[in-house]
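A short write-up of the structure that comes next.
Numbering (the working numbering), first residue to last: 3 to 164.
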């Protein structure tokens, strides 16, 4: 890794140093981040084509947003508390590889720990499995495809909190 990337990663971490609880006013920006994600191109595209992160979802779930300069949304996650599961996690394409995902995971672990949770389940988008393994998750199985909503098997992982 070049020193430029290391510096860029530090800059992204500093820029994304502000993580806050999402509000209903964030719904459109979070929906746009999901729909614009290059991670869901090709065969994965139908899964998010009509996906919406609505105000109702934000009000009833633990949703947190990483913000950059000028309140630019760099990423977000949603943590379900019972049973504990990382329901959504997206990082803006422009912020990929700069440490934003790691910052979100660190924040999620802290929130889970504060809620008395010992481990969080992750049903991963297949291309994201390597990222989750790199932040300490471990694979525990496979969640079979569930047509027509999800047409492919997905890795099932767990990340220890305590």
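Ideal Cβ placement from N, Cα and C applies to all residues, glycine included.
When DSSP labels each residue in this structure, what does residue i get in the three-state scheme?
i: residue 112; result: helix
i: residue 67; result: strand
i: residue 43; result: coil
i: residue 77; result: strand
i: residue 83; result: strand
i: residue 137; result: coil
i: residue 152; result: strand
i: residue 164; result: coil
i: residue 53; result: coil
i: residue 105; result: helix
i: residue 99; result: coil
i: residue 117; result: coil
i: residue 62; result: helix
Going by DSSP, which residues form a beta bridge with residue i?
i: residue 157; result: 144
i: residue 124; result: 88 and 159
i: residue 20; result: 69
i: residue 36; result: In the DSSP output, where bridge partners are listed per residue, residue 36 has none listed.
i: residue 93; result: 77
Against chain D, does residue i count as a neighbour if the rule is that its beta carbon must be under 8 Å from one of theirs?
i: residue 135; result: The structure shown has no chain D; it contains just one protein chain.
Do residue i and residue j have their C-beta atoms within less than 8 Å of each other?
i: residue 56; j: residue 68; result: no
i: residue 28; j: residue 60; result: yes
i: residue 122; j: residue 88; result: yes
i: residue 163; j: residue 155; result: no
i: residue 36; j: residue 53; result: yes
i: residue 114; j: residue 86; result: yes
i: residue 108; j: residue 83; result: no
i: residue 73; j: residue 39; result: no
i: residue 134; j: residue 106; result: no
i: residue 24; j: residue 129; result: no
With a cut-off of 8 Å on the beta carbons, I'd call residue i and residue j a contact; round off their distance for me.
i: residue 75; j: residue 140; result: In fact, because the Cβ distance is near 29 Å, the residues do not count as touching under 8 Å.
i: residue 34; j: residue 66; result: The Cβ separation is near 17 Å, so there is no contact.
i: residue 131; j: residue 149; result: Incorrect: roughly 21 Å between the Cβ atoms, too far for contact.
i: residue 119; j: residue 161; result: Going by Cβ atoms, the distance from residue 119 to residue 161 rounds to 10 Å, so no, they are not a contact pair.
i: residue 104; j: residue 137; result: 6 Å
Is the closest heavy atom of the ligand ATP to the C-beta of residue i under 7 Å?
i: residue 22; result: Annotation note on the ligand ATP: not contained in the displayed structure, which lists no ligands.
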